[in-house]
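With the sequence shown counted from 1, adding 129 to any position gets you the numbering used here. Structure first, commentary second.
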Amino acid sequence: MRRKIVIMLINLGLGLFTVSMFLISARETHISETRDNITCDIIKLDLEYSSRQHPTATLIYQNKEYITYINSVDSLQIGLNNTTFFYDELFDRVFCRNSGIAKARLFHLSLDKGT
């Protein structure tokens, strides 16, 4: 009985995580299609890429510092940028237009189906 409860809780957690990824991805797509890019100042780029670490950009937008994942193929440079990032006021976050979250949806969906 205890094992079934643990398995059920794991499946519930994965399901909620998958739903949240779909909602965030849909929100990012809507924002990037209906709004203009923001103008922000990139202060640091960490372009290391591995299976556990993704490239990130540290930037300043409206006098606040944000750290966001970027696509490894983006040709970003430190300084002023007005072509790549969008702002989501609901979650108070800045995201890259090609953050790769749409690809992650398929992975999470396959995880849910596999359990």
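A virtual CB, placed ideally from N, CA and C, is assigned to each residue, including glycine.
Per-residue DSSP class, three states only, for residue i
i	result
Phe224	strand
Asn166	coil
His237	Low confidence applies here, because His237 scores a pLDDT of 48, under 50, leaving its location unreliable; read the following figure in that light. His237 falls in the helix class under three-state DSSP.
Asn210	strand
Leu205	coil
Met150	helix
Ser180	coil
Identity of the residues DSSP links to residue i by a beta bridge
i	result
Thr185	Asp175 and Tyr198
Lys193	Tyr190
Phe215	Phe224
Presumed contact (8 Å Cβ cut-off) between residue i and residue j, rounded CB distance
i	j	result
Thr197	Leu205	So it is not a contact: roughly 11 Å between Cβ atoms.
Cys169	Leu188	5 Å
CB of residue i within 8 Å of CB of residue j, strictly
i	j	result
Phe106	Ile167	Here the chain comprises residues numbered 130 to 244, so residue 106 is not present and cannot be evaluated.
Arg226	Ser161	yes
Asn211	Ile171	no
Ile207	Leu174	yes
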